[in-house]
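**Student:** Start counting the sequence shown at 24; every next residue gets the next number (our numbering).
Just so it is clear, CB atoms sit at the ideal spot from N, CA and C, and this is done for glycine as well.
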Amino acid sequence: ISIHVGDPKAFWLPYDDSNERWTELKDHRSWWFGDPAKHPPRMELLEALNRVIERHPKTTFVCVHFANNPEDLEWVDAAMDRYPNMYADLAARIPELGRHDPALVRRLFEKHQDRILFATDFMVYRKLILGSGGDAENPTDDDAVEFFMKCWRWMETDDRDWAHMTPIQGNWVISSINLSPAVCRKIYVDNAYRLFAGSMPLPVVRAHKISRDFVPDGQLDEAEWRSAVPFRLEYQSNDSAARPELSTPVRLLWSDKFLYLSYECPYREISSWLPASSKERQGLWDYDVVEAFIGSDPGHVNRYTEFEWAPSGESLDLKLDLPAKDFAWTADAESAVSVDKAAKIWRVEARIPLSSLCETAPQPGTRWKLNLYRHDKADQGFLAMSPTLKGSFHVPERFGWLEFAP
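#1: Please give the ranges of any alpha helix (DSSP H) in the stretch 364-421, keeping only runs that are unbroken, at least 4 residues long and fully inside the region.
#2: What three-state label does DSSP hand residue 47 in the structure shown?
#3: Where do the ends of the beta strand (DSSP E) carrying residue 98 lie?
#4: Just verifying my parser: in three-state terms, what is the DSSP assignment at residue 312?
#5: Along the beta strand (DSSP E) that carries residue 256, what are the first and last residues, could you check?
#6: Using a Cβ-Cβ cutoff of less than 6 Å, which residues in the same chain neighbour residue 229 once the five nearest sequence positions on both sides are dropped?
#7: Among 311, 111, 96, whose alpha-carbon lies nearest the alpha-carbon of residue 84?
#8: Tell me whether the beta-carbon of residue 358 lies closer than 8 Å to the beta-carbon of residue 391.
#9: Would you say the stretch 136-153 touches the stretch 249-257, given that touching needs at least three Cβ pairs under 8 Å?
#10: Tell me, please, which residues DSSP counts as bridged to residue 132.
#11: Determine the burial state of residue 277: buried for a count of at least 16 other Cβ atoms within 10 Å of its Cβ, exposed for fewer.
#12: Could you check where the alpha helix (DSSP H) with residue 12 kicks off and where it finishes?
#13: In three-state DSSP terms, what is residue 293?
#14: With respect to the alpha helix (DSSP H) encompassing residue 218, which residues constitute its N-terminal and C-terminal limits?
#15: Taking residue 113 as the reference, give the member of 255, 397, 171, 287 with the closest Cα.
#16: Output the boundary residues of the beta strand (DSSP E) element that contains residue 70.
#17: Considering only residues of the same chain and omitting the five flanking positions on each side of residue 300, which have a CB-CB separation below 7 Å?
#18: If you measure between the beta carbons of residue 80 and residue 108, is that distance less than 8 Å?
#19: State whether the stretch 409-416 contacts the stretch 256-263, with contact taken as three or more CB pairs (one from each stretch) at a distance under 8 Å.
#20: Which first and last residues belong to the alpha helix (DSSP H) in which residue 235 is found?
#21: Could you check which residue in 44, 35, 45 has the C-alpha nearest to that of residue 60?
#22: For the beta strand (DSSP E) containing residue 113, name the first residue and the last one.
#23: Look at the alpha carbon of residue 154 and the alpha carbon of residue 166, and state the distance between them as a whole number of angstroms.
#24: Under the DSSP definition of a beta bridge, which residues are partnered with residue 84?
#25: Helix, strand or coil: which one does DSSP assign to residue 337?
#26: Is residue 372 near residue 239, with beta carbons less than 8 Å apart?
#27: Where do the ends of the alpha helix (DSSP H) carrying residue 330 lie?
#28: Look at the alpha carbon of residue 75 and the alpha carbon of residue 287, and state the distance between them as a whole number of angstroms.
#29: Residue range of the beta strand (DSSP E) that residue 347 falls in?
#30: Across the stretch 37-51 and the stretch 87-103, are there enough close Cβ pairs to call them in contact, namely three or more that are closer than 8 Å?
#31: If we ignore side chains and look at the alpha-carbon of each, how far apart do residue 210 and residue 175 end up?
#32: Here's a check: name, in chain order, each residue in its chain whose Cβ is nearer than 7 Å to the Cβ of residue 339, leaving out the five neighbours to either side.
#33: Going by other Cβ atoms of all chains shown within 10 Å of its Cβ, with 16 needed for buried, is residue 367 buried or exposed?
#34: Reducing DSSP to helix, strand and coil, say where residue 145 ends up.
#35: Within 10 angstroms of the Cβ of residue 134, are there 16 or more other Cβ atoms? Answer buried if so, exposed if not.
The structure is reproduced here in structure tokens:
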């Protein structure tokens with residue numbers, strides 16, 4: 024639940040030019056709540072919100088405008104300590120946060136880095152609204168670029184005493200908090216993805232068509248791979264938690280005869296079945312492995328093929344029509360693996376005959392169902408192109424898309 028309770032502290036202060044947000048309030052008279060005969064005290068509203076959060080511990084509350092109380096960092100810190108289901112976003116409150124001691128703000132952000140979300144209050148209607156939509160505001164596209172540049176400047180630099188992005192919300196200067204790239208990534212992207220993965224559009228991977236075929240050798244040095252845009256496996260399948268340290272680029276190509284895949288897997292420690300077997304091994308997935316689930320008939324999502332490749336060079340393929348699994352089936356795919364011990368990356372290069380996947384050859388624009396996975400046993404990585412949000416990879420309704428591009 025995204026919830027807005029309360030407003031800036033200044034909206035309860037006198038409605039005159041002594042109010043530091045007078046420029047904003049005089050354009051929005053209805054935003055002033057300083058009449059106790061009409062409106063409850065601001066802190067009563069915030070404490071009521073906290074009681075709701077406490078009564079519903081299994082519900083996640085995204086409390087907008089930095090938990091609705093950016094004026095009081097100690098209060099926000101204590102509330103987030105008390106309620107693990109409370110999140111805070113930054114919408115329209117960087118100017119307020121930027122007034123505090125930047126070291127204190129940075130420590131707070133680092134402490135709660137998994138529950139803070141980047142947000143702006145940026146709105147696009149018949150015009151852009153970057154501040155409060157005041158009568159004097161007519162922002163341009165260039166103003167929008169400057170707005171976001173200032174957001175990034177506050178997050179990522181240690182600049183001091185500079186003019187913030189929405190002066191209508193207060194005429195003061197702010198100081199940046201210089202967060203690390205790892206913390207910025209969580210706040211910009213990963214925390215929101217973890218919350219909203221189940222409702223986001225399913226991802227699409229595009230395979231570029233090539234004019235010649237080549238035999239996999241595990242080196243990924245064929246010129247054709249340079250035309251393939253990588254899709255990075257970075258999120259856990261069961262809960263969409265980010266694992267950037269295991270970021271695994273996957274590339275796809277296709278020709279008239281084959282579908283090609285490549286994986287580059289950074290590792291700390293390789294775990295494999297020993298000794299390696301020349302025969303297919305059920306249970307290959309119990310150790311390090313990369314996988315591709317390919318459904319060439321999107322009208323029947325329970326029908327798909329599964330391919331697995333391990334750093335030992337072992338591979339496995341099977342055909343599924345859930346709940347049935349045909350381990351005797353084979354696609355006659357070819358693959359090769361290389362392990363770069365110096366760089367600590369293991370690589371897979373594979374090609375699958377298209378004739379084993381479908382009766383009718385795909386054309387540019389054809390779409391199949393697809394999910395890509397990686398299991399890293401040592402570091403408990405269960406990465407997915409499209410997180411299934413369950414304990415199993417076999418959730419076909421969560422598969423993304425493979426698009427055959429020209």
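**Tutor:** So, to answer that:
#1: Taken in chain order, no unbroken stretch of alpha helix (DSSP H) lies wholly in the stretch 364-421 with a span of 4 residues or more.
#2: Within the sequence shown, numbered from 1, the residue matching residue 47 stands at position 24. Three-state result, residue 47: helix.
#3: Numbered from its first residue, the sequence shown carries residue 98 at position 75. Taken as a continuous stretch (DSSP letters only), residue 98 belongs to no beta strand (DSSP E), being part of the alpha helix (DSSP H) at 96-105.
#4: The residue labelled residue 312 in the question sits at position 289 within the sequence shown. The three-state reading of DSSP puts residue 312 in strand, counting E and B together.
#5: The sequence position of residue 256 within the sequence shown is 233, counting from 1. Counting along the chain, residue 256 sits inside the beta strand (DSSP E) bounded by residues 254-256.
#6: Counting from one through the sequence shown, the residue named residue 229 turns up at place 206. Cβ within range, chain order: 426, 428.
#7: Reading the sequence shown from its first residue, position 61 is the one you call residue 84. When only C-alpha atoms are compared, the closest one is 111.
#8: Here the question's residue 358 lines up with position 335 in the sequence shown. Here the question's residue 391 lines up with position 368 in the sequence shown. Taking C-beta atoms as the reference points, residue 358 and residue 391 fail to come closer than 8 Å.
#9: Taking a cut-off of 8 Å for Cβ pairs, the stretch 136-153 and the stretch 249-257 do not touch, as fewer than three such pairs fall below it.
#10: Along the sequence shown, read from residue 1 onward, the residue named residue 132 stands at position 109. Under DSSP, residue 132 takes part in no beta bridge, so it has no partner.
#11: Locating residue 277 in the sequence shown gives position 254, where the first residue counts as 1. Under this definition residue 277 is a buried residue.
#12: With the chain covering 24 to 429 only, the question about residue 12 has no answer from this structure.
#13: Position 270 of the sequence shown holds residue 293. Residue 293: coil per DSSP, three-state reduction.
#14: Taking the sequence shown and counting its residues from 1, one reaches residue 218 at position 195. Segment 214-219, the alpha helix (DSSP H) holding residue 218.
#15: Within the sequence shown, residue 113 is the residue found at index 90, counting from 1. Between residue 113 and the set 255, 397, 171, 287, the nearest pair of CA atoms involves 171.
#16: If you number the sequence shown from 1, residue 70 lands on position 47. Membership of residue 70 in any beta strand (DSSP E) is not indicated; the residue belongs instead to the alpha helix (DSSP H) covering 65-78.
#17: The residue you call residue 300 lines up with position 277 of the sequence shown. So the qualifying residues of the chain are 337.
#18: Along the sequence shown, read from residue 1 onward, the residue named residue 80 stands at position 57. Along the sequence shown, read from residue 1 onward, the residue named residue 108 stands at position 85. Their beta carbons are under 8 Å apart, which means residue 80 touches residue 108 by this criterion.
#19: By the criterion of at least three beta-carbon pairs nearer than 8 Å, the stretch 409-416 is in contact with the stretch 256-263.
#20: Counted from its first residue, the sequence shown places residue 235 at position 212. Looking at the DSSP string, residue 235 is not in any alpha helix (DSSP H), and its letter there is neither H nor E.
#21: Within the sequence shown, residue 60 is the residue found at index 37, counting from 1. The candidate whose alpha carbon is nearest that of residue 60 is 35.
#22: Within the sequence shown, numbered from 1, the residue matching residue 113 stands at position 90. No beta strand (DSSP E) contains residue 113, which DSSP labels as neither H nor E.
#23: The count along the sequence shown starts at 1 and reaches residue 154 at position 131. The count along the sequence shown starts at 1 and reaches residue 166 at position 143. Distance between residue 154 and residue 166, taken at the CA atoms: about 11 Å.
#24: The residue you call residue 84 lines up with position 61 of the sequence shown. Per the DSSP secondary-structure output, residue 84 pairs in a beta bridge with 109.
#25: Here the question's residue 337 lines up with position 314 in the sequence shown. DSSP places residue 337 outside both helix and strand once states are collapsed to three, so it counts as coil.
#26: Taking the sequence shown and counting its residues from 1, the one referred to as residue 372 is at position 349. Taking the sequence shown and counting its residues from 1, the one referred to as residue 239 is at position 216. It is a contact, given that the beta carbons lie within the stated cut-off.
#27: As a working mapping, residue 330 is identified with position 307 in the sequence shown. No alpha helix (DSSP H) holds residue 330; the beta strand (DSSP E) holding it covers 326-332.
#28: Residue numbering aside, residue 75 sits at position 52 when the sequence shown is read from its first letter. Residue numbering aside, residue 287 sits at position 264 when the sequence shown is read from its first letter. Straight-line Cα distance between these residues: approximately 46 Å.
#29: As a working note, residue 347 is residue 324 in the sequence shown. Where residue 347 is concerned, the enclosing beta strand (DSSP E) stretches over 347-349.
#30: Counting Cβ pairs under 8 Å, fewer than three are found: no touch.
#31: As a working mapping, residue 210 is identified with position 187 in the sequence shown. As a working mapping, residue 175 is identified with position 152 in the sequence shown. If I take the Cα positions, the gap works out to 11 Å.
#32: Walking along the sequence shown from the start, residue 339 turns up at place 316. Closer than 7 Å at Cβ, skipping near neighbours: 303, 304, 307, 331.
#33: Along the sequence shown, one-based indexing puts residue 367 at 344. Its Cβ having fewer than 16 others within 10 Å, residue 367 is exposed.
#34: Reading the sequence shown from its first residue, position 122 is the one you call residue 145. Annotated three-state conformation of residue 145 is coil, per DSSP.
#35: Numbered from 1 along the sequence shown, position 111 holds the residue referred to as residue 134. Burial state of residue 134 is exposed, judged by a 10 Å Cβ sphere holding fewer than 16 other Cβ atoms.
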